[in-house]
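Protein chains: 2
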Amino acid sequence: VTSSLGPLARGPLRPPSAAARQQATQRCDALAKPTGALGRLEDLAIWLAGCQGACPPHGIDNVRAVVFAGDHGVSRYGVSAYPREVTAAMVHAFLSGGAGVAVLARQHGAKLRVLDIGVDSDLTDLPIEIRAEVRRFKIRRSSGAIHLEDALTIDETRAAIAAGIAVADEEIALGADLLIGGDMGIGNTTPAAALIAAGLGVPAREVTGRGTGIDDPALAYKKTLIDAALLRAGNRVADPVAALTALGSADIATGVGFLLGAARAGVPVLLDGIVSVAAALVADQITPGVVAWCTAGHRSTEPAQSLALDKLGLEPLLDLGLRLGEGSGAMAAVPLVRSASLLLGEMALLSDLAP
Amino acid sequence: VTSSLGPLARGPLRPPSAAARQQATQRCDALAKPTGALGRLEDLAIWLAGCQGACPPHGIDNVRAVVFAGDHGVSRYGVSAYPREVTAAMVHAFLSGGAGVAVLARQHGAKLRVLDIGVDSDLTDLPIEIRAEVRRFKIRRSSGAIHLEDALTIDETRAAIAAGIAVADEEIALGADLLIGGDMGIGNTTPAAALIAAGLGVPAREVTGRGTGIDDPALAYKKTLIDAALLRAGNRVADPVAALTALGSADIATGVGFLLGAARAGVPVLLDGIVSVAAALVADQITPGVVAWCTAGHRSTEPAQSLALDKLGLEPLLDLGLRLGEGSGAMAAVPLVRSASLLLGEMALLSDLAP
Chain A
590 VTSSLGPLAR GPLRPPSAAA RQQATQRCDA LAKPTGALGR LEDLAIWLAG
640 CQGACPPHGI DNVRAVVFAG DHGVSRYGVS AYPREVTAAM VHAFLSGGAG
690 VAVLARQHGA KLRVLDIGVD SDLTDLPIEI RAEVRRFKIR RSSGAIHLED
740 ALTIDETRAA IAAGIAVADE EIALGADLLI GGDMGIGNTT PAAALIAAGL
790 GVPAREVTGR GTGIDDPALA YKKTLIDAAL LRAGNRVADP VAALTALGSA
840 DIATGVGFLL GAARAGVPVL LDGIVSVAAA LVADQITPGV VAWCTAGHRS
890 TEPAQSLALD KLGLEPLLDL GLRLGEGSGA MAAVPLVRSA SLLLGEMALL
940 SDLAP
Chain B
590 VTSSLGPLAR GPLRPPSAAA RQQATQRCDA LAKPTGALGR LEDLAIWLAG
640 CQGACPPHGI DNVRAVVFAG DHGVSRYGVS AYPREVTAAM VHAFLSGGAG
690 VAVLARQHGA KLRVLDIGVD SDLTDLPIEI RAEVRRFKIR RSSGAIHLED
740 ALTIDETRAA IAAGIAVADE EIALGADLLI GGDMGIGNTT PAAALIAAGL
790 GVPAREVTGR GTGIDDPALA YKKTLIDAAL LRAGNRVADP VAALTALGSA
840 DIATGVGFLL GAARAGVPVL LDGIVSVAAA LVADQITPGV VAWCTAGHRS
890 TEPAQSLALD KLGLEPLLDL GLRLGEGSGA MAAVPLVRSA SLLLGEMALL
940 SDLAP
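Line by line, the protein sequences give chains A and B.
Throughout the first sequence, residue numbering follows the numbering used here, covering 590 to 944 in sequence.
Throughout the second sequence, residue numbering follows the numbering used here, covering 590 to 944 in sequence.
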């Protein structure tokens, strides 16, 4: 399936360390607690140890999140409760620290970066250096309206995936212990749900959710639109890169590359909501094994996200009814990843207990 | 129902501020996000604002947890996978920072205090000043085996409740923004489940769980023992203080007082597992309205905890299969409470967004 990736294709992924996982499992059982009493935090600690190839895992001090912003042709067709101009406005909110994920990133001492991958604006009101940095990986203004036309050209898809890999490499060079890919884009649950429908082979009615909070008539129309997109894409969706081209968007394709880059470098990732999980589904189709480097941060209210998580074999850490996107659900779960690491490293052993 | 509390009884509780809740609800809707997109974090922010009488709520900087340690007569009767000597050994682990909740408290910058309320040891191996401090509120060595005898005398129950109120008052005087009561005591899920069965009017089979991980025969025996305790206590359990006396323990009664003290002072509490939630159920029977000052930190694997949470109308923040006790599940949820407060206070408003 990787042939369509062209020069971006690489060999199979290295899996997380089975030896470190084994050591971590044994250490969990030796901690001063009943066997299994830390529940999912034990699974999380074992996963981290495997990703790091170290038991106990080292600290998760350098958490780095990147928000991939982009507009979507479908946002002109009534699939969102908000106008597309909100996407560009929110880029400013990420930069000024007022976006939800920015508040959480400050709380958790995480780095946050926003990139305009496909915003339907030139962001000319930004200061010149900031504007250059934010637009450094820009692919195009908006992506195509997927019920009428392909989201991207194949070259744009490859360029977006390459951009995502490059962004991951940059973040990893800066010392990332844990990566989060976030999304911003009015209308983006439509291509994300379409990609998940294509990946799972299910119709629109199983994947379509209310996104920003659309009403029943808009929800019904959104389903029609996704089914039209799936019909238009036809058999091409068997190839994940072709599926991104037909049904995705520049920002989602960049998110796919970001996950490929993280997995190739062996850096763990916390997934967020429907857009992030759609990217993970596609990335794991492109290069099987990507999912082994991923943990699901939260369960979104979008039905497609839960379906894709099931397919990937992931159970989210949080289930709080979040549907903000931006990477916010993953960012909210960061303290749990740190807790898992610290518990495995710092708890006393049963054998240490005073008699 | 408060008559049995004797001189500890007081008038009705002040509820959280409806005005601040209303302000917080309006502010949630004005933040730069789709309406309701922060899910349960919005409910949490509104609850905090109500408890503090302030919108946005001030920071949750001073989180203070107190572990009430005690042994239980039933631990001589095969209801735990661990010997009762572990309780005293774990007091050392709390003091040395190696207990699970101690690791989490360090991570979250929370204060942690351990008190010997009913440990079946004089802890003579502790340094004299520390020993005096840890035993300052000690009620007795172990509590009675509830299937054979009352856990406490009525005077001990009242003394334990008074101790819990005094401990809460001390923590609040030190500036607590958020309180957590933790438990340590081999066998303690048995009296906790018995109290919940009594409070809900259900038989042992609905409330009995595996605690530290007992096998099927031990589980069957634990049910028998709880039913015997309920039969022995009879109609006395209609009075919550009498129920504590018959079925509880010194440490659980102190935990009840701790919650009464917090609610009387209007300081919010994060509940933990079965022992903490049993205490909340009893405290809310003693003084209706205590639950309004509580949020549930996590869902334990003990069935009684979920039943009691349903009765109290609380939905936990985390559901990670934790069953460690110690206050660990509540402590793991502390960052979410802080997130809720920060999001309400620091996110941009929709009206601030660039056009």
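Think of the CB as a built atom: it goes at the ideal place given N, C-alpha and C, for glycine as much as any other residue.
Please name the residue, chosen from the options, that lies closest to residue i on a Cα-to-Cα basis.
| i | options | result |
| --- | --- | --- |
| E631(B) | C640(B), Q641(B), R616(B) and G642(B) | R616(B) |
| D705(A) | A922(A), V923(A), I649(A) and A842(A) | A842(A) |
| D744(B) | M773(B), P806(B), S838(B) and A881(B) | S838(B) |
| G918(A) | A607(B), A626(B) and T614(B) | A626(B) |
| G902(B) | L784(B), V652(B) and C883(B) | C883(B) |
| G659(B) | G776(B), Q641(B), E738(B) and R695(B) | G776(B) |
| A598(A) | V708(A), G850(A), A670(A) and L784(A) | G850(A) |
| G577(B) | S940(B), L939(B), A929(B) and M936(B) | Nothing in the structure corresponds to residue 577(B), since chain B is present only between 590 and 944. |
| R724(B) | H681(B), A694(B) and H697(B) | H681(B) |
| Y671(A) | L684(A), G886(A), T778(A) and P905(A) | T778(A) |
| K622(A) | G862(B), R888(B), R927(B) and G802(B) | G802(B) |
| L693(B) | L939(A), E718(A), G788(A) and E935(A) | E935(A) |
| A869(A) | V668(A), G844(A), G855(A) and G886(A) | G844(A) |
| R888(B) | C640(B), L860(B), M679(B) and L789(B) | L860(B) |
| S940(B) | D618(B), Q611(B) and G686(B) | D618(B) |
| Y666(A) | D804(A), L814(A) and W636(A) | L814(A) |
| A893(A) | S865(A), G916(A), Q874(A) and I875(A) | S865(A) |
Run through DSSP, which three-state label would residue i get?
| i | result |
| --- | --- |
| F847(B) | helix |
| K700(B) | strand |
| D873(A) | helix |
| S940(A) | helix |
| Y650(A) | Strictly speaking, residue 650(A) in this sequence is Asp, with Tyr absent from that position. Coil at D650(A), not helix or strand. |
| G600(B) | coil |
| G625(A) | coil |
| T884(B) | strand |
| D705(A) | strand |
| A839(A) | helix |
| L767(B) | strand |
| H681(A) | helix |
| S606(A) | coil |
| L741(B) | coil |
| V655(B) | strand |
| V663(A) | helix |
Which same chain residues end up closer than 7 Å to residue i when comparing Cβ atoms and leaving out the 5 residues on each side of it in sequence?
| i | result |
| --- | --- |
| T746(B) | V830, L833, T834 and A842 |
| L808(B) | T797 and R799 |
| D650(B) | D766 |
| A643(B) | A609 |
| L938(A) | A619, L620 and A621 |
Residue i and residue j: beta carbons closer than 7 Å?
| i | j | result |
| --- | --- | --- |
| F847(B) | A755(B) | no |
| L712(B) | R702(B) | no |
| P601(B) | A881(B) | no |
| I769(B) | A654(B) | yes |
| I728(B) | A749(B) | yes |
| V652(B) | V923(B) | yes |
| S731(B) | A740(B) | no |
| A867(B) | I735(B) | no |
| A921(A) | L942(B) | no |
| G774(B) | V656(B) | no |
| S685(B) | R673(B) | no |
| V690(B) | E891(B) | no |
| G783(A) | A818(A) | Just to set this straight, residue 783(A) is Ala in the shown sequence, not Gly. Yes, Cβ-Cβ distance for A783(A) and A818(A) is below 7 Å. |
| P780(A) | L836(A) | yes |
| V708(A) | T742(A) | no |
Can you tell me whether residue i sits near the ligand MN, meaning its C-beta is under 6 Å from at least one heavy atom of the ligand?
| i | result |
| --- | --- |
| V675(A) | Of the ligands one can find in the structure shown there are none, so the ligand MN has no counterpart to examine. |
Report all residues from its chain with a CB closer than 8 Å to the CB of residue i; omit the five preceding and five following residues, and keep chain order.
| i | result |
| --- | --- |
| L932(B) | L620, L627, L630 and A634 |
| Q612(A) | A638 and C644 |
| K812(B) | A793, R794 and T797 |
| P877(A) | P601 and L602 |
Just to confirm my understanding: we take residue i, look at its own chain, exclude 5 residues before and 5 after, and list those with CB closer than 6 Å. What are they?
| i | result |
| --- | --- |
| G788(B) | L870 |
| T614(B) | I635 |
| A885(B) | L860, L898, L903 and P905 |
Closer than 9 Å between beta carbons: that is the criterion. Which residues of the stretch 811-835 of chain A meet it against chain B? Here the close residues number zero.
Which residues, taken in chain order from the stretch 620-653 of chain B, show a beta carbon closer than 7 Å to some beta carbon of chain A? Residues A621, K622, P623, T624, G625, A626, L627, G628, R629 and L630.
Along the stretch 759-772 of chain A, where does the CB come closer than 7 Å to a CB of chain B? Name the residues. Per Cβ criterion, the list is empty.
Residues in the stretch 672-699 of chain A with C-beta within 9 Å of chain B's C-beta atoms, listed in sequence order? If the cut-off is 9 Å between Cβ atoms, the stretch 672-699 of chain A has E674, V675, A677, A678, M679, V680, H681, A682, S685, G686, G687, A688, G689, A691, V692, L693, R695, Q696 and H697 near chain B.
At a CB distance below 9 Å, what residues from the stretch 923-938 of chain B approach chain A? Give them in sequence order. Those residues of the stretch 923-938 of chain B that come within reach of chain A (Cβ to Cβ, closer than 9 Å) are V923, P924, L925, R927, S928, L931, L932, G934, E935, M936, A937 and L938.
When you check each C-beta in the stretch 894-913 of chain B against every C-beta of chain A, which residues fall closer than 9 Å? Those residues of the stretch 894-913 of chain B that come within reach of chain A (Cβ to Cβ, closer than 9 Å) are L906, L907, D908, L909, G910, L911, R912 and L913.
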